[in-house]
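*Asks:* The sequence shown lines up with residues 3 to 219 when you count with the working numbering. What follows is a structure written as structure tokens; I'll ask about it next.
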Amino acid sequence: MHEPGFLDRFDRLVAFDAETTGKRAPDVGFIRKQPLGWRAPGLVIEVGFVELRRDGDGWSKGETWRTLVNPDAPIDPAAIKIHGIRPADLKGAPRFTAILPQLREFVGEAPIVAHAYRNERDFLDYEFARAKAIAWGESAYTDDRFVCTQRLYAQLFPGASTSLTAVCDRLALDASVRDDRHGALLDAEMTADALILLEHMLKHGTAAAPRSWTFGD
Numbered sequence: 003m004h005e006p007g008f009l010d011r012f013d014r015l016v017a018f019d020a021e022t023t024g025k026r027a028p029d030v031g032f033i034r035k036q037p038l039g040w041r042a043p044g045l046v047i048e049v050g051f052v053e054l055r056r057d058g059d060g061w062s063k064g065e066t067w068r069t070l071v072n073p074d075a076p077i078d079p080a081a082i083k084i085h086g087i088r089p090a091d092l093k094g095a096p097r098f099t100a101i102l103p104q105l106r107e108f109v110g111e112a113p114i115v116a117h118a119y120r121n122e123r124d125f126l127d128y129e130f131a132r133a134k135a136i137a138w139g140e141s142a143y144t145d146d147r148f149v150c151t152q153r154l155y156a157q158l159f160p161g162a163s164t165s166l167t168a169v170c171d172r173l174a175l176d177a178s179v180r181d182d183r184h185g186a187l188l189d190a191e192m193t194a195d196a197l198i199l200l201e202h203m204l205k206h207g208t209a210a211a212p213r214s215w216t217f218g219d
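And the structure:
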């Protein structure tokens, strides 16, 4: 349960989303049972980050970062229908190991805002371990680093659908572009916009957006 002002001690947040091959991150037990020499397939094929900076009583969006990632693994056709990213699009993309330094630098010490955060956390944990940045079973970022917009929305709207599209619809955020395809940066932008409004509602008990807030550039 989030209390009003639970983010007041922070000056910077980072919203995050990943697109994947369509496979879920296997549990540690499965990984440890694999034979010597087994190579863990990549899962993440795109990451998107949006910076949120303190702006008076609320937040404004700052820098963004997005990159494709070569997973060295096939992409499920069902996943391609969702995000539109095909194997040919990833041929020249960096591998996760190569983007790790920039990822860590962009996140810094900021809390990470994610929708249905456990999914995003699990993918980060898997890819960090696959890159040998952490051991299997360790966390890239601890749970207390994450702010889950799905949980915050469920707190404010009990019983309502909590998909990112449903959240955007309820908050009057234009998510129509997601009708054609998802994208890591697009979803991170939507997550950031949702966080700004949800925190405002938690503090002030109103669904009205601050008049100074605009959702364009």
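By construction, the Cβ of each residue, glycine as well, lies at the ideal position given by its N, Cα and C atoms. Remember, it's a predicted structure, so these values are computed and weren't measured experimentally.
1) Within its chain, find whatever has a CB closer than 6 angstroms to the CB of Leu175; leave out the 5 residues flanking it on each side and keep chain order.
2) Just grab the DSSP bridge partners of Glu53 for me.
3) Taking only runs of the alpha helix (DSSP H) that begin and end inside the segment 140-192, which ones reach a length of at least 4 residues, in chain order?
4) Between Gly207, Thr151 and Ala177, which lies nearest to Val115 when the distance is taken from Cα to Cα?
5) Considering only residues of the same chain and omitting the five flanking positions on each side of Phe12, which have a CB-CB separation below 8 angstroms?
6) Nearest CA to the CA of Val52: which residue from Ile101, Ile84 and Arg68?
7) In terms of alpha-carbon separation, which member of Gln157, Leu154, Leu126 and Leu158 lies closest to Thr144?
8) Assuming Ala81 and Thr22 make a contact with CB atoms under 8 angstroms, what is their CB distance in whole Å?
9) Could you give the distance in angstroms between the alpha-carbon of Pro2 and the alpha-carbon of Pro37?
10) Can you list, in chain order, the residues of its chain whose CB lies under 6 angstroms from that of Ala42, leaving out five sequence neighbours each side?
*Replies:* In short:
1) Asp195
2) Val16
3) 151-158 and 166-172
4) Thr151
5) Arg56, Ala112 and Pro113
6) The candidate whose alpha carbon is nearest that of Val52 is Arg68.
7) Leu126
8) 7 angstroms
9) Nothing can be reported for residue 2: it is not among the residues displayed for the chain, which extend from 3 to 219.
10) Arg132
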